[in-house]
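Report on one structure; see the data block that follows.
2 protein chains.
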Amino acid sequence: MEDQEIRKAGLKVTVPRVKILELLEKSPERHVSAEDVYKMLLAAGEDIGLATVYRVLTQFEAAGLVEKHHFEDGYSVFELNTGKHHDHIICVTCGRVEEFVDETIEKRQRIIAEELGFQISEHELVIYGKCLDKNCDCKKKGD
Amino acid sequence: MEDQEIRKAGLKVTVPRVKILELLEKSPERHVSAEDVYKMLLAAGEDIGLATVYRVLTQFEAAGLVEKHHFEDGYSVFELNTGKHHDHIICVTCGRVEEFVDETIEKRQRIIAEELGFQISEHELVIYGKCLDKNCDCKKKGD
DNA sequence: AAAGTGAATGCAAAAGCTTCTCATCTATTG
DNA sequence: CAATAGATGAGAAGCTTTTGCATTCACTTT
Chain A
3 MEDQEIRKAG LKVTVPRVKI LELLEKSPER HVSAEDVYKM LLAAGEDIGL ATVYRVLTQF
63 EAAGLVEKHH FEDGYSVFEL NTGKHHDHII CVTCGRVEEF VDETIEKRQR IIAEELGFQI
123 SEHELVIYGK CLDKNCDCKK KGD
Chain B
3 MEDQEIRKAG LKVTVPRVKI LELLEKSPER HVSAEDVYKM LLAAGEDIGL ATVYRVLTQF
63 EAAGLVEKHH FEDGYSVFEL NTGKHHDHII CVTCGRVEEF VDETIEKRQR IIAEELGFQI
123 SEHELVIYGK CLDKNCDCKK KGD
């Protein structure tokens, strides 16, 4: 379980690391900020400092266990690395985040990078918009 | 000239606003941070506070005169709004920023948003990579 | 051209997110 | 189970960005 992943990353298996990884795996919201994680830990009765949350998330990112994204709000959000690259579309009204993959876009990016003489290391595509479906939470709540 | 654009934006024509707009128009680097702008103003002998730079850039953004981007480094960069949407590819070695437009990617984004039930308000695509061409500054300087 | 008024500015302080410092504590190894 | 390298918590510090407030300025009205 979590222990192995942490050990594989070359990190000691400690309570904060296990709890944070568990939380990322179980959280209904895949995309969380360090503050979110910290608050969830507090709510779960864990006594883990915010500095540790940042440290652990950074280590997990370096180890490839999680990915870090910079959405428009300014702060960073983290998500479990599924191994499959994907991009994001975010509702500017309710903040809901959906993931998508589009091979056409991926391919075009490779072509563009090549044309411009770049070797891609990574990329980030975020679409911002409004949910139109009435099944979106923000429609039900009316915010 | 600049005065008209500022007036059109519903803002008073003041020295800081004119100088900042001039600077954005003349700067060899299109993508600059607030700090960059501040330092360039200082270097040009202008006595304009950093807070004013932030305020003016924010107002320019609200007025559609400039665009704000969040690249990976953490801070925001601003660029003059050319009216033509474009995306960015950034060299992770030298920081050089290139702009590109790809109608195929734009189209796919519209289709994806529609499929997922979103009405796009904006989007941001940034590709990170390494320059391969020897004509890139970072190769010449060897950093 | 001078006065009046609301907006704009500069400075310093504060805020928000993230990192660092350091003394204490803990997981792992032998 | 002792030894040790690494991890943690709390608070300080760092950075970018925003805010509060007294002063100054742009634009309108005399």
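Note that the protein sequences, when read in sequence, are chains A and B. To convert, count from 1 in the first sequence and add 2; that's this note's numbering. To convert, count from 1 in the second sequence and add 2; that's this note's numbering. Every residue gets a Cβ at the ideal spot worked out from N, C-alpha and C, and that includes glycine. Please read these numbers as outputs of a predicted model, since none were measured by experiment.
For residue i and residue j, I'd like the C-alpha separation in whole angstroms.
i	j	result
glutamine 61 (chain A)	valine 17 (chain A)	15 angstroms
glycine 47 (chain B)	lysine 41 (chain B)	10 angstroms
cysteine 140 (chain A)	lysine 28 (chain B)	44 angstroms
valine 58 (chain B)	valine 128 (chain B)	25 angstroms
aspartate 135 (chain B)	alanine 115 (chain A)	12 angstroms
glycine 131 (chain B)	arginine 112 (chain A)	11 angstroms
glycine 119 (chain A)	aspartate 104 (chain B)	16 angstroms
aspartate 75 (chain B)	tyrosine 77 (chain A)	12 angstroms
glycine 85 (chain A)	valine 39 (chain B)	40 angstroms
proline 30 (chain B)	cysteine 96 (chain B)	16 angstroms
alanine 11 (chain A)	glycine 66 (chain A)	8 angstroms
glutamine 121 (chain A)	cysteine 133 (chain B)	7 angstroms
leucine 43 (chain B)	threonine 54 (chain B)	11 angstroms
lysine 21 (chain A)	valine 15 (chain B)	56 angstroms
glycine 144 (chain B)	glutamate 63 (chain B)	Here glycine 144 (chain B) scores only 47 on pLDDT, less than 50, and its place in the model should not be relied on; the value that follows carries that caveat. Cα to Cα, the separation comes out at about 36 angstroms.
glutamine 6 (chain A)	isoleucine 50 (chain A)	21 angstroms
Mind pulling the chain A residues with CB within less than 9 angstroms of residue i?
i	result
arginine 110 (chain B)	Asp104, Thr106, Ile107, Arg110
lysine 146 (chain B)	A question about residue 146 (chain B) goes unanswered here, because the residues of chain B that appear run from 3 up to 145.
DSSP three-state call for residue i: helix, strand or coil?
i	result
valine 20 (chain A)	helix
aspartate 145 (chain A)	Below a pLDDT of 50, predicted positions are generally treated as unreliable, and aspartate 145 (chain A), at 47, falls in that range; no measurement from the model is reported.
tyrosine 130 (chain A)	strand
valine 79 (chain A)	strand
aspartate 5 (chain A)	helix
glutamate 105 (chain A)	helix
isoleucine 92 (chain B)	strand
phenylalanine 62 (chain A)	helix
lysine 41 (chain A)	helix
valine 55 (chain A)	helix
glutamate 31 (chain A)	coil
isoleucine 114 (chain A)	helix
lysine 10 (chain A)	helix
valine 15 (chain B)	coil
Would you say residue i faces chain B, with C-beta separation under 7 angstroms as the test?
i	result
alanine 115 (chain A)	yes
valine 128 (chain A)	yes
cysteine 140 (chain A)	no
Compute the beta-carbon to beta-carbon distance between residue i and residue j, rounded to the nearest angstrom, for a pair I have assumed lies under 8 angstroms.
i	j	result
serine 123 (chain B)	valine 94 (chain A)	6 angstroms
glutamate 4 (chain B)	leucine 23 (chain B)	5 angstroms
histidine 87 (chain A)	glutamate 126 (chain A)	Contact doesn't hold; Cβ gap of about 10 angstroms is too wide.
isoleucine 107 (chain A)	arginine 110 (chain B)	5 angstroms
alanine 36 (chain B)	leucine 52 (chain B)	7 angstroms
arginine 32 (chain A)	leucine 82 (chain A)	7 angstroms
Can you name the residues of chain B whose CB is closer than 7 angstroms to the CB of residue i?
i	result
aspartate 135 (chain A)	Gly119
glutamate 100 (chain A)	Leu118
cysteine 96 (chain A)	Chain B residues near cysteine 96 (chain A): none, gap ~11 angstroms exceeds 7 angstroms.
Does any residue of chain A bring its CB to less than 7 angstroms from the CB of residue i?
i	result
histidine 72 (chain B)	yes
glycine 144 (chain B)	Note that glycine 144 (chain B) scores a pLDDT of 47, beneath 50, so its modelled location is shaky and nothing firm can be said.
isoleucine 8 (chain B)	no
Using a C-beta to C-beta distance shorter than 9 angstroms, which residues of chain B count as neighbours of residue i?
i	result
cysteine 93 (chain A)	Phe120
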